[in-house]
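Asks: In this note's numbering, the protein residues as written are 526 to 845.
Just so you know, even glycine gets a beta-carbon here, dropped at the ideal spot from N, CA and C.
Quick caveat: nothing in here was measured; it's all calculated off a predicted structure.
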Amino acid sequence: MATIPWLVDVLRGAGVQVVTHGDWLNRMRPGDFNPIGVLWHHTAATSSASNPHPALNICINGRSDLPGPLCQALVDYHGVFHVISAGRCNHAGVSRGSGPIPAGDGNTLMIGWEIDYNGVNQEMTAAQYNASIAATAAVLKRLGKDASYARGHRETSTTGKIDPSFIDLNSMRADVAAKMAGGSTWSAVVDNSTAGRFTASANWGTSSYSAQRYGTDYRFANPVAASDAAWYKFNVPATANYRVDAWWPAVSGYNSATPYIVSTTTGNRTIIVDQRVTGGQWRSLGTFTLPAGDANRVAVSRWSSAPGLVIADAVRLTRV
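#1: Short check: CB of Val761 to CB of Gly818, under 8 Å?
#2: Is it the case that the Cβ atoms of Phe723 and Val714 are separated by a distance below 8 Å?
#3: One question on the structure: do Phe606 and Ala656 come within less than 8 Å of each other, judged by their Cβ atoms?
#4: Under the criterion of a Cβ to heavy atom distance below 7 Å, does Met649 qualify as lining the ligand GDP?
#5: If you count every other CB in all the chains shown that lies within 10 Å of the CB of Trp531, and 16 or more means buried, which is it?
#6: Identify every residue that forms a DSSP beta bridge with Thr795.
#7: With the cut-off set at 8 Å, would you say Ala782 and Gly804 are in Cβ contact?
#8: Cα separation between His575 and Arg808?
#9: Using a Cβ-Cβ cut-off of 8 Å (strictly less than) and excluding sequence neighbours within five positions of Val701, which residues of its own chain qualify?
#10: Looking at the strands, I want to know which residues DSSP matches up with Asp819.
#11: Rounded to the nearest angstrom, what separates His567 and Asp630 at their Cα positions?
#12: Quick one: Cα of Ala703 to Cα of Val845, how far?
#13: What are the boundary residues of the beta strand (DSSP E) that includes Ile585?
#14: Which class does Ile561 belong to by DSSP, given the choice of helix, strand or coil?
#15: Any idea which residues DSSP pairs Thr843 with across the strands?
#16: Please list, in chain order, all residues of the same chain as Ser683 whose beta carbon is under 6 Å from its beta carbon, the five residues on each side excluded.
#17: Cutting at 6 Å between CB atoms, please list the residues of its own chain near Phe745, excluding the five before and the five after it.
#18: Arg841: buried (16+ other C-beta within 10 angstroms of its C-beta) or exposed?
#19: If you follow the beta strand (DSSP E) that Thr545 is in, where does it begin and where does it stop?
#20: Across which residues does DSSP place Glu639 in a beta bridge pair?
#21: Using C-beta distances below 8 Å, list every residue in its chain close to Asp641, excluding the 5 sequence neighbours before and after it, in chain order.
#22: Rounding to the nearest angstrom, what Cα-Cα distance links Asp770 and Arg698 in this structure?
#23: Can the beta-carbon of Val846 be found less than 8 Å from the beta-carbon of Tyr779?
#24: Please go through the same chain and pick out, in chain order, the residues whose beta-carbon is closer than 6 Å to the beta-carbon of Trp565, but skip the five residues on each side of it.
#25: Name the two residues that bound the continuous alpha helix (DSSP H) containing Ile472.
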């Protein structure tokens with residue numbers, strides 16, 4: 526049986542805050558462990574600033590139906606990695622194969638991060654995401670693998686697992702690849718409620734109707750053949766390529782041809798999205814060259830010929 530006693534040193538070398546628990550070097554399940562990849566999960570527990578790792582005890586000791594340890598590390602609300610095992614853990618079950626990860630025993634094939642958030646009405650925090658990106662990149666480098674060996678449990682599960690919720694796994698792999706390449710992983714999110722960063726006219730209402738929203742609410746407006754855009758302002762650190770992601774709550778009666786406008790170095794680019802579907806997660810609008818400076822960079826326009834409410838929720842920029 527192989528183990529990964531180097532895990533803590535690799536994580537700390539990547540700038541990740543680490544706490545070890547008990548005899549983590551020898552806490553493991555029996556069986557083979559020869560990992561080639563990293564698997565992301567969410568715990569289904571509700572974490573908070575005051576209760577940052579509610580699932581830690583279960584991840585260490587297991588449940589009545591599944592003995593622990595249940596992951597190599599738990600990632601708490603603040604992005605701290607709680608390392609609990611250097612060996613095989615009961616986190617992955619049978620892998621159906623995904624990308625370069627073959628079908629087989631997922632507990633043998635992959636190192637598991639349990640990211641402590643509920644995944645139903647709570648997404649992972651920025652601290653959890655950024656720490657998990659840094660940790661995954663560092664571990665895959667140590668294993669001699671590229672970013673394609675980072676997977677989500679919903680990609681490998683044979684039993685319909687949905688974790689990790691509320692992230693685009695292709696975007697996650699792009700961020701891991703950028704980190705492994707030594708490039709910047711600058712990222713910023715502007716929500717409709719971000720102070721000083723979102724502007725919209727009085728024609729845009731506020732709603733919390735859909736549970737797929739980002740944050741506490743979102744903005745909506747009727748489509749109209751006129752310019753009345755809701756703008757997101759970003760302080761872009763340097764002229765470079767940035768991936769633009771948008772978040773909207775999908776409802777069948779929302780607009781099927783919503784224009785997003787991206788202000789690039791060569792002028793405005795318009796991307797049309799269907800806000801009736803694929804909501805409640807980050808969806809990539811594409812990669813664009815953006816100029817440095819603090820200015821309005823992305824907008825949601827009401828200028829649509831399709832029926833249904835136009836939604837402005839959240840936008841994320843990530844340097845690639």
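Replies: Here's the rundown:
#1: Yes, the Cβ-Cβ distance between Val761 and Gly818 is below 8 Å.
#2: In this structure, Phe723 lies away from Val714, with their beta-carbon atoms at least 8 Å apart.
#3: Yes; because the gap between Cβ atoms is below 8 Å, this pair is in contact.
#4: Looking for the ligand GDP in the displayed structure turns up nothing, as the structure carries no ligands at all.
#5: So Trp531 ends up on the exposed side.
#6: Thr795 is bridged to Ile786.
#7: Against a cut-off of 8 Å, the Cβ pair of Gly804 and Ala782 comes out as no contact.
#8: Note that residue 575 corresponds to Ser in the displayed sequence, not to His. Rounded to the nearest angstrom, the two C-alpha atoms are 30 Å apart.
#9: Cβ within range, chain order: Ile658, Thr661, Ala662, Leu665, Ala672, Ala675.
#10: In the DSSP assignment, the residues bridged to Asp819 are Asn760.
#11: Cα to Cα, His567 sits roughly 20 Å from Asp630.
#12: CA-to-CA, the gap between Ala703 and Val845 works out to about 6 Å.
#13: For Ile585, no beta strand (DSSP E) segment is defined; the enclosing uninterrupted segment is the alpha helix (DSSP H) at 581-586.
#14: Note: Ile561 maps to coil in three-state DSSP.
#15: For Thr843, which the question treats as bridged, DSSP gives the partners Ser712, Arg768.
#16: Here residue 683 is Thr; the residue named in the question, Ser, does not match the sequence. Once the five neighbours on either side are set aside, the close Cβ partners of Thr683 are Val619, Arg621.
#17: Listed in chain order, the non-local C-beta contacts of Phe745 below 6 Å within the same chain comprise Gly730, Ser732, Leu834, Ile836, local neighbours out to five positions each way being set aside.
#18: Buried, by the Cβ-count rule.
#19: Element bounds for Thr545: 543-545.
#20: Beta-bridge pairing by DSSP links Glu639 to His566, Leu599.
#21: Shown here for Asp641: same chain residues with a beta carbon closer than 8 Å to its own, the five before and five after excluded, namely His567, Thr568, Ala570, Ser572, Pro577, His578, Pro579, Ala580, Leu581, Leu599, Val600, Asp601, Tyr602, Gln653 in chain order.
#22: Their backbone Cα atoms lie some 14 Å apart in a straight line.
#23: The chain is shown from 526 up to 845; residue 846 falls before or after that span and cannot be answered.
#24: So the list reads Trp638, Gly677, Pro689, once near-sequence residues are dropped.
#25: Because the chain spans 526 through 845 in this model, residue 472 falls outside it and cannot be assessed.
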